[in-house]
Amino acid sequence: MADVFKKVPVKEQDPKVRATNFEEVCLGYKKEEAMEEAARCIGCKLDKAQCVTGCPVSINIPGFIREVKEGNFEKAYQIISESSALPAVCGRVCPQETQCEGKCIRGLKGEAISIGKLERFVADWAKENGVKPAPAKEKNGHKVAVIGSGPAGLTCAGDLARLGYDVTIFEALHKAGGVLVYGIPEFRLPKDKVVAAEVENVKSLGVKIETNVVIGKSTTVDALLKEEGFEAVFIGSGAGLPMFMGIPGEQANGVFSANEYLTRNNLMKAYRDDYDTPISRGKKVVVVGGGNVAMDAARTALRLGAEVHIVYRRSEAELLARKEEVHHAKEEGVIFDLLTNPVEILADENSWVKGIRCIRMELGEPDASGRRRPVEVPGSEFEIEADTVIMSLGTSPNPLISSTTYGLDINRRKCIVADEEFGQTSKEGVFAGGDAVTGAATVILAMGAGKAGARGIDRFIQGSKS
Amino acid sequence: MYKIRKAKELAANIYLMDVEAPRVAKHCLPGQFVIVKVDETSERIPLTICDYDSENGIVTIVFQPVGASTLKMKNLKAGDAFEDFVGPLGQPSDLTKEDPKELKKKNIVFVGGGVGTAPVYPQIKWLHEHGITADCIIGARTKDLIILEEEMKAVSHLYLTTDDGSYVRKGMGTDVLRDLVVNQGKKYDLCIAIGPMIMMKFVCLLTKELGIPTVVSMNPIMVDGTGMCGACRLMVGDEVKFACVDGPEFDGHQVDFDLAMKRQQMYKTEEGRAKLFFEEGQTHHGGCGQC
Ligand SMILES: Cc1cc2nc3c(=O)[nH]c(=O)nc-3n(C[C@H](O)[C@H](O)[C@H](O)COP(=O)(O)OP(=O)(O)OC[C@H]3O[C@@H](n4cnc5c(N)ncnc54)[C@H](O)[C@@H]3O)c2cc1C
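Protein chains in written order, with the numbering used here: chain F, 1 to 466; chain U, 467 to 757.
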């Protein structure tokens, strides 16, 4: 009998092997493993279940796990689908340790239930067995536009379609999915098997997706409302422009934003020989930053054949990335230079990166974020040899939509202002959510905001009808 | 899909295409660009808009094949289609934001080089439609590379020049500009230079000397074209600017051309590799008798 205090282990590709390929790292549970793991769940009553309070979209977790335990996977899928349009994605990329699993009662003594892995199992099973989310009700004839096809936009569109709305998503890029296609790499989130399949599920609800439309350029929010007959608009346009440090040498050849590096590799598939887009395959790569984006950039560079260092100014405890990603990165051989901050990028006479000068840091008093503030250790500067530097320092909002939409308020950080419950912005009929509102956050929070937007739009349109 | 209505070779290895893209045609203005992608495996290629017909939903592009994806592009014919065609991107030319009455008081000179001639065209055409006929200097390496001569002549005072003297006169665009200002006493309030970076750099050095404010249209490496990736960043004065959202037009006297040119070299080797692969693939296709 398995140890009930321990998670049923999940199979993964061997670190040495996977460090050289782009196949998915985690192989997921098999049927028997999933049922065994589900059997560890105590089955808290729904109104008492802590895991549900930890989930930003309040999935009925004990409910679906009970069905998994019984082997009723289709039922489990329909339960999850009531709350989430992207379970195969969330099962793979949510920070479960701080959400559902972080609250799990089992976790008080022993290990929490592997809720994420179970969710993933159910979603993958549904796909393999051709099970689709429950279809839309009758069409109600109201037209709604959604801007952006990331998790916020897809969720909002899916929810509205299920309520009978006629929804069109406008996407700037040539492929739908937002960060799920251009940011998060294949080895963590397979594009065809998972992302494209989830997008197809949303489309199967009747949602139309028009790619290659940049709102603010190809047309505007006001034109959608006034000229194209949309009664409401949801803006889920994402986090925006990459930030740089402003240190000397940042314009040298071989310095990339993580967004560029990952877009080339993931959206444009530069890692494959049969695609035209090039990527700089460094030999020694330094990634600056400590979030999921930094981990993804580092592990991508590793797979492209480089020795990779992560340079982060705080300590391991403050790394913002999911625990599993840090763990995987280490296993694969990424070198962590913690409590280290870059001060200059060094370039050769042809303006190519040849190294990065850093300074050691130590932790001081807690800052506004509650984390201990890193302070420089005087005289501790040193150099790391590198031919590529990838900056993963966060983003600042893209003004394309806010500057072209009359009456749409933004806050001090230039994010769109929208309320949490309904996604209502300062402009009538216009709703927003996801990274465009909060700044870079998580898939599941963006989905939660998409749901709020759908509620808000439904209330707005039904209200104005009566 | 975005259907190609017309495709023709304008000059040796310079191609023009009319593409059906109603959303772009309806909203674009001179100075803006599009990003095109031939098929699933192609790169996203930024191209400045050369002409547009809002009523019929047509956008005209002109390009010179250099990498694997543009080589694929040149093989497309009328009736074929681009998988992706997005825009208009970037800021319209400042000209379009000025009061035409004020603009009329200005003497404007354009300097275009190579395929850079194409994006000059919508600007002089736009000015001409607003009652202004600008001077326009077009330089090409040799006679065969001169494009859109008749079209340009119809909407500007055109001065042609070729590096090798095979047509009209011998010399660079900068030589003509110097001649017009220094020897012929022309006075210009604004110069707009579009072409290869090296050409724009030399125009700017000259206009700085002559005291003519100058706008250039930058064409750095881009990926998404919406501001998301930062590949196209430039130094303009002491500021980092993204050509795709802040530009593509900038004050030429503020742009750090040397840096921009170095950055443009970045993928030379990788792109070269992709091109080689493509061409070898082609040879293989025709040559081996197996396929
Ligand atoms: C590399 C990386 C790794 C990450 N890893 C994780 C993780 O492991 N777990 C996790 O929970 N979160 C992770 N995140 C964060 C998460 O992906 C985002 O918080 C989430 O995708 C935000 O969703 P969104 O819908 O708000 O925006 P996005 O996913 O950014 O989607 C916005 C979409 O809008 C489009 N758009 C933008 N402007 C316009 C316009 N003007 N007109 C039309 N379309 C427009 C964009 O092209 C894009 O497709 C990661 C992010 C990155 C970059």
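Positions of the beta carbon are idealized from the N, C-alpha and C atoms, including for glycine.
Near ligand 1: residue i beta-carbon under 6 Å from a heavy atom
i, result
"Ser178(F)", "The identity of residue 178(F) in the sequence shown is Gly, whereas the question assumes Ser. Yes, Cβ of Gly178(F) sits closer than 6 Å to a heavy atom of ligand 1."
"Thr628(U)", "no"
"Gly183(F)", "yes"
"Ile279(F)", "no"
"Ser434(F)", "Before going further, note that residue 434(F) is Gly rather than Ser in the sequence given. Yes, since a heavy atom of ligand 1 falls inside the 6 Å radius drawn around the Cβ of Gly434(F)."
"Ser683(U)", "no"
"Val293(F)", "yes"
"Ser403(F)", "no"
"Thr536(U)", "no"
"Gly290(F)", "no"
"Ala329(F)", "no"
"Pro151(F)", "yes"
"Gly148(F)", "yes"
"Val575(U)", "no"
"Gly236(F)", "yes"
"Val443(F)", "yes"
"Asp550(U)", "no"
Cross-chain neighbours of residue i in chain U, by beta carbon under 9 Å
i, result
"Tyr275(F)", "Glu506, Thr507, Ser508, Glu509, Ala740"
"Thr263(F)", "Val689, Asp690, Met694, Cys695, Ala697"
"Gly240(F)", "Gly693, Met694"
CB contact flag (residue i, residue j, <7 Å)
i, j, result
"Ala49(F)", "Val122(F)", "no"
"Gly107(F)", "Thr404(F)", "no"
"Val504(U)", "Cys516(U)", "no"
"Ile457(F)", "Val144(F)", "yes"
"Glu186(F)", "Phe22(F)", "yes"
"Ile660(U)", "Tyr625(U)", "no"
"Ala176(F)", "Val194(F)", "no"
"Ile401(F)", "Ser237(F)", "yes"
"Ser84(F)", "Val57(F)", "yes"
"Gly580(U)", "Pro662(U)", "yes"
"Gly141(F)", "Gly178(F)", "no"
"Thr340(F)", "Val293(F)", "no"
"Val288(F)", "Met447(F)", "no"
"Gly364(F)", "Arg371(F)", "no"
"Val681(U)", "Ile664(U)", "no"
"Leu656(U)", "Lys572(U)", "yes"
Under 8 Å by beta carbon: chain F residues contacting residue i
i, result
"Met638(U)", "Here the premise fails: no neighbours, minimum Cβ distance about 26 Å."
"Asp550(U)", "His174, Thr211, Asn212"
"Lys503(U)", "His174"
"Met732(U)", "Asn253, Gly254, Ser280"
"Lys728(U)", "Asn253, Asn350, Ser351"
"Met701(U)", "Gln251"
From the options, residue whose alpha carbon lies closest to that of residue i
i, options, result
"Ala452(F)", "Gln424(F), Gly463(F), Asp409(F)", "Gln424(F)"
"Val334(F)", "Glu365(F), Met361(F), Thr300(F)", "Thr300(F)"
"Arg357(F)", "Pro374(F), Val389(F), Arg371(F), Glu365(F)", "Val389(F)"
"Thr628(U)", "Glu506(U), Leu611(U), Glu615(U), Glu617(U)", "Leu611(U)"
"Ser204(F)", "Ala136(F), Leu320(F), Ile184(F)", "Ala136(F)"
"Glu70(F)", "Ile401(F), Gly43(F), Asp367(F), Ile105(F)", "Gly43(F)"
"Ile461(F)", "Gly305(F), Ile345(F), Phe234(F)", "Phe234(F)"
"Gln731(U)", "Pro679(U), Ile687(U), Leu646(U)", "Ile687(U)"
"Lys7(F)", "Cys100(F), Ile209(F), Ala34(F), Val375(F)", "Ala34(F)"
"Ala432(F)", "Ala454(F), Ala441(F), Thr442(F)", "Ala454(F)"
"Arg413(F)", "Ala440(F), Asp387(F), Ser426(F)", "Ala440(F)"
"Leu725(U)", "Gly713(U), Thr640(U), Val706(U)", "Val706(U)"
"Ala113(F)", "Ile147(F), Gly158(F), Thr155(F), Arg66(F)", "Going by the sequence as given, residue 113(F) is Ile instead of Ala. Of the listed residues, the one whose Cα sits closest to Ile113(F) is Arg66(F)."
"Arg699(U)", "Thr692(U), Ala709(U), Arg607(U)", "Ala709(U)"
"Lys427(F)", "Gly116(F), Gly305(F), Thr53(F), Leu225(F)", "Leu225(F)"
"Ala239(F)", "Thr20(F), Ala38(F), Val437(F), Phe5(F)", "Val437(F)"
Integer-rounded CB distance, given that residue j should sit under 8 Å from residue i
i, j, result
"Ile511(U)", "Ile524(U)", "With a Cβ gap of about 19 Å, Ile511(U) and Ile524(U) do not count as contacting."
"Glu324(F)", "Pro15(F)", "The pair is not a contact, with the Cβ atoms about 13 Å apart (cut-off 8 Å)."
"Gly28(F)", "Asp124(F)", "6 Å"
"Phe844(U)", "Gly578(U)", "The structure shown does not extend to residue 844(U), since chain U is modelled only from 467 through 757, so no value can be given for it."
Residue i: contacting residues in chain U (beta-carbon distance under 8 Å)
i, result
"Ser218(F)", "Arg489, Val490, His493, Val552, Gly553, Pro554"
"Gly305(F)", "By Cβ distance, chain U contributes nothing, its closest Cβ being about 14 Å from Gly305(F), past 8 Å."
"Asn60(F)", "In chain order: nothing, as chain U lies at least about 36 Å away."
Residues that residue i contacts on chain F, provided the C-beta gap is smaller than 9 Å
i, result
"Gly497(U)", "Going along chain F, no residue has its Cβ under 9 Å from Gly497(U), so there is no contact; the nearest lies around 13 Å."
Interface partners of residue i on chain F, CB under 7 Å
i, result
"Ser535(U)", "Asp276"
"Val706(U)", "Phe244"
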